[in-house]
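Okay, structure first, notes after.
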Amino acid sequence: MTWENKINQKLKTNKNNILVRNINVTTYYSPCYIQVLGKNYCNFSSNDYLNLSHDSRIINAWKKGAEIYGVGSGGSSYMSGYTTAHEQLETRLADWLGYTKSILFISGFSANQAVISTLLNKEDIIFADKKSHASIIETCVQNSAALYRFKHNSIEDLNQLNINLNTKNKLKLIITEGVFSMDGDMAPLKLLNKFSEKPTRMLLVDDAHGIGVIGKNGKGSCDYQNIKPHILMITFGKAFGISGAAVLCNNTIYKYLRQFSKHLICSTAMPPAQAYTLLKSLDIIQTDKSIRDKLNENINYFCSQAKHLSFQLLSSRTAIQPIIIGNNEQTILLSNKLKKDGIWTNAIRSPTVPIGTERLRITINAMHSKKDINKLLEKLHEYNNK
Ligand SMILES: *Cc1c(COP(=O)(O)O)cnc(C)c1O
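Quick note on numbering: our numbering labels position 197 of the sequence shown as 197, and the sequence is numbered without any gaps.
Below is the structure:
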């Protein structure tokens, strides 16, 4: 066996297979319109819910940040990569969300990895929602702590698992998401928070899809459900329109992560121009309610109209609106048909989602016009009747 053989063998099992993943080279030509291979599409697959990635205020901040700080940080925070922009952003995020501290990471993936892999070891227990994001599950699987996945949003299942295990004195990390990335539904945060109140338990909420769009002034799912988890992870690649992430926590956890997380110690800090620009995103999220209103208006409009389709819809009231098709072939077929009509949606196949729940993952954006949404609905309606 050679490396070449090993790699080719693995690729071959995937070849001609419906599961092959393709990358599309995309050009944006206006906020929610993209061009792929010369063809124009209305984009219903972006997580940039408020369209801040194309907001002129953000673009100008990026330019100004680059002028003040240069574009790269030049090293990890422990070298000389931590600037006043990083410090300001961490302070403002913590103040905004009611935490003592926050720590910036270059991505949500790395933030989840850092928290889980730095805090837990083989004596410990992880309880994670079955539908948790791959960045959570990957890390949990690789970690030496025992991983138990409770039924999606089921506090009963979590309780039962905990009773069956009878591990009173062990330390437990409970993990869930504010808004689930594939279903668009929300976790029962109040109940999970109640469960996590004991000193041997800690709750981690990944609010990648809630921050900026839900709660008072976009404070996210935890604000919306009126809880404060021990650790809150937010990302900046979605509603914030840029990229990166932050972990919000108390001073003890902060000090611990700063000391022990290799993701912080051995990795180049976020570009300072980016931290500077994120401050502007935060300003807009905190003060410009009109974009969020527009998003909600669009979500409500889509939901009210989509009711009339005979596709199976989930009960989501967020920007993530899955349409369940039920098998990989049909899902891809529908996605391709929509593409022919100039509509870009993501076909989400099994095993990314459970077999039988393969879906189109539609995401609604503040900048979609009624006309865009109507066109999507009309096309769905057409295919529905064929
Ligand atoms: C997108 C996402 C992440 C990863 O964040 P990145 O900043 O894109 O790495 C983590 N968790 C959830 C739930 C997500 O949707």
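For every residue, glycine included, the Cβ atom is placed at its ideal position computed from N, Cα and C.
Predicted model only: the values in this text are computed from it and were never measured.
So what's C140 in DSSP terms, helix, strand or just coil?
DSSP places C140 in helix when its eight states are reduced to three.
What separation, rounded to the nearest whole angstrom, lies between the Cα atoms of I325 and E358?
When rounded, the separation of the alpha-carbon atoms in I325 and E358 is 6 Å.
Terminal residues of the alpha helix (DSSP H) in which L165 lies:
Element bounds for L165: I155 to L165.
Alpha carbon to alpha carbon, how far is S46 from G178? Give it in angstroms, no decimals.
Spanning the two alpha carbons is a distance of roughly 18 Å.
Pairwise C-alpha distance: N166 and N346:
Distance from the CA of N346 to the CA of N166, rounded to the nearest whole angstrom, comes to 42 Å.
Say yes only if the C-beta of D288 is nearer than 7 Å to one or more non-hydrogen atoms of ligand 1, and no if none qualify.
Outside the cutoff, so no.
Could you check the C-alpha separation between F150 and L204 for me, to the nearest Å?
The C-alpha of L204 is placed about 15 Å away from the C-alpha of F150.
Residue interval of the alpha helix (DSSP H) (run including R258)
Per DSSP, the unbroken alpha helix (DSSP H) holding R258 starts and ends at N251 to F260.
Verify the contact flag: E67, CB atom, against every heavy atom of ligand 1, threshold strictly below 7 Å.
E67 Cβ: outside cutoff for every heavy atom of ligand 1.
On the three-pair Cβ rule with 8 Å, is the stretch 166-176 touching the stretch 194-204?
As far as the Cβ criterion goes, the stretch 166-176 touches the stretch 194-204, which means the pair count is three or higher.
Three-state class that DSSP yields for S132 in the structure shown
Looking at S132 - three-state DSSP - the assignment turns out to be coil, as it is neither helix nor strand.
Based on DSSP bridge pairs, tell me the residues matched to T176.
T176 is bridged to V205.
If I follow the unbroken beta strand (DSSP E) through P322, where does it start and stop?
Per DSSP, the continuous beta strand (DSSP E) segment holding P322 begins and ends at I320 to I324.
Can you name the start and end residues of the alpha helix (DSSP H) that T118 belongs to?
Element bounds for T118: G108 to L119.
Output needed for N193: all residues of its chain with C-beta closer than 7 Å, excluding positions within five of it in sequence on either side, in chain order.
Once the five neighbours on either side are set aside, the close Cβ partners of N193 are L203, I227 and P229.
How is the alpha helix (DSSP H) around Q35 delimited, first residue to last?
No alpha helix (DSSP H) holds Q35; the beta strand (DSSP E) holding it covers Y33 to V36.
Relative to the C-alpha of I155, which candidate in L50, F180, D129 and G72 has its C-alpha closest?
It is D129 whose Cα lies nearest to the Cα of I155.
Spatially closest choice to N300 from T287, F311 and S315, by CA coordinates:
Closest by alpha carbon: S315.
To the nearest angstrom, how far is the alpha carbon of E382 from that of I373?
Separation of E382 and I373 (C-alpha to C-alpha, rounded to the nearest whole angstrom) is 14 Å.
Can you list, in chain order, the residues of its chain whose CB lies under 8 Å from that of F311, leaving out five sequence neighbours each side?
For F311, where only same-chain residues beyond five positions count, the Cβ hits under 8 Å are I323, I324, I325, L380 and N384.
State the start and end residues of the unbroken beta strand (DSSP E) segment that holds S30.
Start and end: T26 to S30.
Name the DSSP bridge partner or partners of M367?
In the DSSP output, where bridge partners are listed per residue, M367 has none listed.
Cβ pair F180, Y148 closer than 8 Å:
Y148 is positioned such that its CB atom lies no closer than 8 Å to that of F180.
What number of angstroms, rounded off, separates the C-alpha of L89 from the C-alpha of Q330?
Taking the straight line joining both Cα atoms gives about 45 Å.
Who are the Cβ neighbours of W344 in its own chain at under 8 Å, not counting the five residues just before and after it?
I34, V36, Y41, C42, N43, F44, S45 and L338, listed in sequence order.
Within a Cβ cutoff of 6 Å, which residues of the same chain sit near V71, ignoring the five residues on either side of it in sequence?
Setting aside the 5 residues that flank it on each side, V71 is surrounded in the same chain by P271 and A273, each with a C-beta closer than 6 Å to its C-beta; the list follows chain order.
In terms of DSSP beta bridges, what is Q312 paired with?
Bridge partners of Q312: I324.
Please go through the same chain and pick out, in chain order, the residues whose beta-carbon is closer than 6 Å to the beta-carbon of A246, but skip the five residues on each side of it.
So the list reads L93, S102, L104 and I234, once near-sequence residues are dropped.
Among D48, I106, H54 and I59, nearest to S76 - alpha-carbon criterion:
When C-alpha distances from S76 are compared across D48, I106, H54 and I59, the shortest belongs to I106.
Check whether the Cβ of A306 sits closer than 7 Å to any heavy atom of ligand 1, and report yes or no.
A306: no, Cβ never under 7 Å from ligand 1.
Please confirm if the stretch 207-214 is in contact with the stretch 45-59, defined as three or more CB-CB distances below 8 Å between the two stretches.
Touching, yes.
Are there 16 or more other CB atoms within 10 angstroms of the CB of T84, so buried, or fewer, so exposed?
Classification for T84: exposed.
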